[in-house]
Structure formats: structure tokens, C-alpha cells
Amino acid sequence: MNRIIELKDVSTIYEGEKKPAIKNIDLSISENEFVYVIGPNACGKTTLLETIIGLLQPSQGEVYVLGCNMRKNGAKIRQKIGYVPQDFLTDPNEPFTALDVVMMGMFGKIGLLRKVNDEHKYKALKIMEKLGIRELANSPIGKLSGGQQQKVMIARALAKEPKILLLDEPFSNLDIKSKQKILRLIHKFHQEKGLTTIIVTHEISQVLMNKDNARIIIMNEGRIVAEKTIEEFLLSVKEYLWLPQVKMIK
Ligand SMILES: Nc1ncnc2c1ncn2[C@@H]1O[C@H](COP(=O)(O)OP(=O)(O)OP(=O)(O)O)[C@@H](O)[C@H]1O
Ligand SMILES: [Mg+2]
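Be aware that the sequence shown starts at 6, since it is given in our numbering, and climbs by one per residue.
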């Protein structure tokens, strides 16, 4: 199968820090894989995602996405990646509407001023409808609740029609019903569009509800400590009681 994301002995150190936030990561993700990344706070999940998309440069090792080295091709490849960052809450005075923000997924912020036509609007509204936020289209983004903004950010990532979807804690602000609905929708997009999807989450119960072919990557202290299918994880769940989230569901 085609390897779409490949990390070779990657470590990333934040500027001014001595210790790497992620260490000696070897990771290979195939086209159309669905991957969850779990692990305690500060174990390096966000750093891993940001290193994959080239927002952070590794201090050691190489990252290849869609066959390209991210050191040289980061900007080009990022156009094919839909990314929902963990911390996205917008300024309450941000002038853009929710619909504008979703359309930014198609063109970026500047393109929005030049390129939008009715067809683009229709497409963005359709995605918003699927996420249950159609009626928020004309609301200023900064005035929406955390959960509503989270759905808008997911809609923006999907509107980009990416090849790769990276979501950092996409359920953190959502109520239980929304979590299930959005995860189902992400799965549907993943299947229909042949995406490669990585979700960082503390919501193990959501993960385990999907007995699909997903892979779970478990991180601790900057390293990948295990990789399991959901079935394997369930069979060996006793080994993972040190994960705060697993303790909670036991
Ligand atoms: N901008 C930064 N500068 C310096 N250190 C940072 C920075 N961002 C994160 N770190 C450190 O890097 C380590 C990994 O952080 P990271 O945000 O990747 O963890 P995480 O697994 O995403 O945690 P969480 O579950 O809380 O989101 C932590 O020790 C954190 O303090
Ligand atoms: Mg994080």
C-alpha cells in the first residue's frame, strides 16, 4: 500500500528548550488509513501533528508527506492537508462569519476576497448542513460557542477537500451527541473521499465504539510506545491502565 506519511527517526525540540518534545519517532501511515493518537497530557501529540504538517521543523530526522520532504515542500503539501488545531478559539471581534471561515478552507483568507461565487457558497453551506451548523452561516465566528466554533473548523478542513485530514482533539468542546455525530460524519468522508485521517483524542470511549480498521498509536513522554488495532487494544487494555483515559472507562 502507498505510504502517504513517513517519519524517520524524527525528534522535535522547541526553540529555547533542551529536551525534545518528541523523540526518535518512526512512523509510517498508508493511504486511506484511519489513525488515532492517544496519550497523557504533554506526551507530544500536538507536536507530532505539527511536525507532520511542517509547522514545526524536526531537529533530527526527516518527514515525508505524499512522497515529498516537508523541509522543502511544506507549503505546497499543506494545501492538501485539512488541519483542525487544538487551540483555535477566535477573537470575539473577528469580522468573519462562520460561512466565510468554512470558505477559507477552499481559498485561504485572501482568496476569499477574490474568488467566491455562488457555487462555492453552496458547497460550503452543504458541508455546514451535514455538520448541523447551517443556521450559523451568517453569525460572526467569534460570537459562537466553543463547540460551534469547533464544528466550523471541522467544516473548514473538509471544505478544503484534502487528501489528508489531521484533527487535534476535535471533540473536546462537543456534547456527547455531537461527538458521535461528528465522528460518524468524519468516518463517512474518510470512506467516500479516500482520505487518510489522523485524530488526536482523549476520548477513548469514542475510539472504542468504532470497531473498524483503525490503528491506535499510543504515546508517552515524547515517544510512540505502542501501535494497536482497536481489537488488539481492547484485548490488552489492562496494560494501558496508566493512561488516564483508560482508567476512567474501567
Ligand atoms: N511552544 C512550546 N514551547 C516550548 N515547549 C512546548 C511548546 N509547546 C509544547 N511544549 C512542550 O512540549 C511537550 C509536548 O507538548 P504537546 O502540546 O505536544 O503535548 P500534547 O500531548 O498535545 O498534550 P495535550 O494532551 O495537553 O494537548 C510538553 O512538555 C510541552 O510543555
Ligand atoms: Mg495537544
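Glycine included, C-beta positions come from ideal geometry on N, C-alpha and C.
Contact check, A5 vs L136, beta carbons under 8 Å: The first residue shown for the chain is 6 and the last is 255, placing residue 5 beyond what the model contains.
Around ligand 2, Cβ to any heavy atom closer than 7 Å, ordered along the chain: For ligand 2, residues qualifying as neighbours are K50, T51, Q91, D173, E174 and V205, where qualification means a beta carbon closer than 7 Å to at least one of its heavy atoms (chain order).
Beta-carbon contacts of F101 that lie in its chain and below 6 Å, excluding the five residues immediately before and after: The answer, listed in chain order, is I146.
Cβ-Cβ separation, I43 to T206 (assumed contact under 8 Å), whole Å: Right, the Cβ-Cβ distance comes to about 6 Å (below 8 Å), so this counts as a contact.
Simplified DSSP state of A142, which is helix, strand or coil: Coil, per DSSP.
C-beta contact flag for F112 and L163 at 8 Å: Going by C-beta atoms, F112 is not nearer than 8 Å to L163.
Contact test: G44 Cβ vs ligand 4 heavy atom, cutoff 7 Å: For ligand 4, the structure offers nothing, since it holds only ligand 1 and ligand 2.
Proximity of M108 and V89 at Cβ, strictly below 8 Å: The beta carbons of M108 and V89 sit no closer together than 8 Å.
Cα-Cα separation, P175 to K23: Looking at the two C-alpha atoms, the distance is approximately 30 Å.
Distance, Q84 Cα to E67 Cα: Distance between the alpha carbons of E67 and Q84 is about 20 Å.
Test item: CB-CB of F39 and A219 under 8 Å: Yes, the pair counts as a contact, with Cβ atoms nearer than the cut-off.
Where L1 falls, given that 16 or more other Cβ within 10 Å makes a residue buried: The question about residue 1 has no answer, for the chain in this structure spans 6 to 255.
G66: first and last residue of the uninterrupted beta strand (DSSP E) it sits in: Unbroken beta strand (DSSP E) run through G66: Q65 to V70.
N-terminal and C-terminal residue of the alpha helix (DSSP H) that I151 is part of: One detail in the question is off: residue 151 reads as Gly in this sequence, not Ile. G151 to A164 is the extent of the alpha helix (DSSP H) around G151.
Nonlocal neighbours in the same chain, by C-beta distance under 8 Å from A26, ignoring five residues either side: Answer for A26: T17, I18, Y19, G49, T52 and G227, listed in chain order.
Contact under 8 Å by Cβ, I10 with I30: Result no, Cβ atoms of I10 and I30 do not sit closer than 8 Å.
Close-in-space but distant-in-sequence residues of the same chain around P63 (CB under 7 Å, 5 per side omitted): Listed in chain order, the non-local C-beta contacts of P63 below 7 Å within the same chain comprise V15, S16, T17 and T56, local neighbours out to five positions each way being set aside.
Length of the line joining the Cα atoms of I223 and R8: Per the coordinates, the alpha-carbon of I223 lies some 20 Å from the alpha-carbon of R8.
Cβ neighbours of V212 in the same chain (closer than 6 Å, five flanking residues each side left out): Within its own chain, the residues whose Cβ lies closer than 6 Å to the Cβ of V212, once the five positions on either side in sequence are excluded, are Y41, listed in chain order.
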